[in-house]
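For reference, the structure discussed in these notes is given below.
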Amino acid sequence: MNIKQLFIIITIVASTLLISSCKNEKNAQDDDLLDTDLIQNSNSAEGTVNADKAPVMLFERDIHDFGEIIQGEIATTEFKFSNTGKSDLIIASARASCGCTVPEYPKEPIKPGESGVIKVSYNSEGRKDAFNKTVTITANTIPNENRIKVKGIVVVPKDKQ
């Protein structure tokens, strides 16, 4: 048996082991996903909308003004909301318009009549002057995107100017 044949045999065995082990391996991210049976999407394949059964995300306020904050501070606020609809509210994601803004949202369904909180933090490190950041929340509501905003002014201390 020459080196070329040995290399081919080793490659075949390694490929077989790799393929068979991947089939049985569970993706770690699958544990973090919501069960699709929990989502009652009010939009059907035909494009009809049943707004009567849809969850409704109602915020107490949708804009927060931090006012003046000192450069380097992390300013945090909470946006309280209620599900005033008829089915469970499920938030799929909350994305900020910039990496300096970080939203945290509830991962569990919000039942009709219940409330939740979205916490938004703004990191002013290396920033100055006015800011206006948007957080887009994607959920099973109509429309499926809601927006909240934080704004303020970053003041640079005199010793850093």
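If you number the sequence shown the way this note's numbering does, the last residue is 161 and the count never jumps. Idealized CB from N, CA, C, for every residue including glycine. As the structure is a prediction and not an experimental result, all values here were calculated from the model.
Quick one: is residue i buried, meaning 16 or more other Cβ sit within 10 Å of its Cβ, or exposed?
{"i": "ALA130", "result": "exposed"}
{"i": "THR101", "result": "buried"}
{"i": "PRO143", "result": "exposed"}
{"i": "LYS26", "result": "With a pLDDT of 47 at LYS26, under the threshold of 50, the predicted position of this residue should be treated as unreliable, and no value is reported."}
{"i": "ASN132", "result": "exposed"}
{"i": "ASN146", "result": "buried"}
{"i": "ILE110", "result": "buried"}
{"i": "VAL135", "result": "buried"}
Cβ of residue i within 8 Å of Cβ of residue j?
{"i": "GLY67", "j": "GLY152", "result": "yes"}
{"i": "ALA92", "j": "PRO103", "result": "no"}
{"i": "HIS163", "j": "VAL150", "result": "Only positions 1 to 161 of the chain appear in this structure, which leaves residue 163 out of reach."}
{"i": "GLU125", "j": "GLY72", "result": "yes"}
{"i": "LYS86", "j": "SER115", "result": "no"}
{"i": "TYR122", "j": "ALA75", "result": "yes"}
{"i": "PRO106", "j": "ASN83", "result": "no"}
{"i": "ILE148", "j": "ASP62", "result": "yes"}
{"i": "PRO157", "j": "ILE70", "result": "yes"}
Going by DSSP, name the residue or residues bridged to residue i.
{"i": "ASN123", "result": "ILE74"}
{"i": "ARG147", "result": "THR136"}
{"i": "SER115", "result": "SER82"}
{"i": "GLU104", "result": "LYS119"}
{"i": "ARG95", "result": "THR136"}
{"i": "ASP129", "result": "VAL154"}
{"i": "ILE69", "result": "VAL154"}
{"i": "ILE110", "result": "LEU89"}
{"i": "ILE63", "result": "LYS149"}
{"i": "LEU58", "result": "SER82"}
Since residue i and residue j are thought to touch, with beta carbons under 8 Å apart, how far apart are those beta carbons, to the nearest angstrom?
{"i": "VAL120", "j": "THR77", "result": "6 Å"}
{"i": "ILE90", "j": "ASN140", "result": "5 Å"}
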